[in-house]
Amino acid sequence: MRSNAQFWSDKGHVLLDQGEYEAALHCFCQAVQEVPTADDYVSQAVSLIHLERPKDALQACDCALSLTSGHARAWLFRGVALHRLGRFHEAYECYDLAAGQQPTQQQRSLWERLKAWFTPSKPLAKGVLKRSRSSHLRVH
């Protein structure tokens, strides 16, 4: 019954917007138990990334992509999860796949900024990555 799943999904988005990531994750899990959708799996991934659980976020993105292989947001957040895991080359491939899925202007802008920020050949990225490794700070 999609209406029950929709209730959980809507509630999860409200909680996600409020920064209540654990509660939002619970809601999205309830939604996919009712009716699995790529959008709700991606929302799980977003919650998990905020909770600093990139391995779990990667799995959620893979579930989304198993339902809808061309889901641009799933490719985008799969890339973010891979970045958090230090798997930069794979992340760039995901960003490229996401960008090829007819993204909105806002998504295209976000992907370009992420790629520019994390591309090691750029001086800014080198400095940020070097500083983050030496001071044990994470790049977000």
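Going by this note's numbering, the sequence shown opens with residue 8, and the numbers climb by one from there. Yeah, the Cβ is synthetic: ideal placement off N, Cα and C, and Gly gets one too.
- Ala-88 has its alpha-carbon roughly 10 Å from the corresponding atom of Phe-95.
- Cβ contact annotation for Gly-86 (same chain, cutoff 6 Å, sequence separation greater than five): Ala-98, Cys-101 and Tyr-102, in chain order.
- Taking Cys-68 as reference, the option from His-57, Ala-79, Gly-77 and Ala-52 with the minimal CA-CA separation is Ala-52.
- Distances from the alpha-carbon of Gly-19 to those of Ser-10, Asn-11 and Phe-35 put Phe-35 closest.
- The three-state reading of DSSP puts Gly-93 in coil, since its state is none of H, G, I, E or B.
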